[in-house]
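Here the sequence shown stands for residues 6 to 83, where the numbers follow my numbering.
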Amino acid sequence: VPDRDLLGVLQLFRTTQRIIFKWKREPGPKIFETNIHGKKFEMYNDTVIGFNRKGKEIIRVTVEEPFYVRPEEHPGAI
Numbered sequence: 006v007p008d009r010d011l012l013g014v015l016q017l018f019r020t021t022q023r024i025i026f027k028w029k030r031e032p033g034p035k036i037f038e039t040n041i042h043g044k045k046f047e048m049y050n051d052t053v054i055g056f057n058r059k060g061k062e063i064i065r066v067t068v069e070e071p072f073y074v075r076p077e078e079h080p081g082a083i
């Protein structure tokens, strides 16, 4: 079961082509809770911020990814 920091770092993968030199996690609200293999798992919608070499913010993402519902009239359209 991944911890909050690991979930945050994984969200940074493939978000930018620039090199992320430093990152930090800002705590967010609990969005999910379950048991996995007998262990309690809680997921929080933390915000993860990636910084460049100079310490400037280059990316900001949340752990919970958006879910888009497309209309039924054009199921294959983007």
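Note that the Cβ used here is the ideal one computed from N, Cα and C, for glycine as well.
Per DSSP, cross-strand counterpart(s) of residue 2: Residue numbering for the chain in the displayed model covers 6 to 83; residue 2 lies beyond these limits and cannot be assessed.
Which same chain residues, not among the five before or five after residue 31, have their C-beta less than 6 Å away from its C-beta? Taking the sequence shown and counting its residues from 1, the one referred to as residue 31 is at position 26. Correct list, in chain order: 52.
For residue 13, the first and last residue of its enclosing alpha helix (DSSP H): Along the sequence shown, read from residue 1 onward, the residue named residue 13 stands at position 8. Unbroken alpha helix (DSSP H) run through residue 13: 9–17.
For residue 49, count neighbouring C-beta atoms within 10 Å of its own C-beta (all shown protein chains included) and say buried if the count is 16 or more, exposed if not. Along the sequence shown, one-based indexing puts residue 49 at 44. Counting Cβ neighbours within 10 Å, residue 49 comes out buried, since at least 16 surround it.
Just to confirm, are residue 55 and residue 11 a CB contact at a threshold of 7 Å? Here the question's residue 55 lines up with position 50 in the sequence shown. Here the question's residue 11 lines up with position 6 in the sequence shown. For residue 55 and residue 11, no; Cβs fall outside 7 Å.
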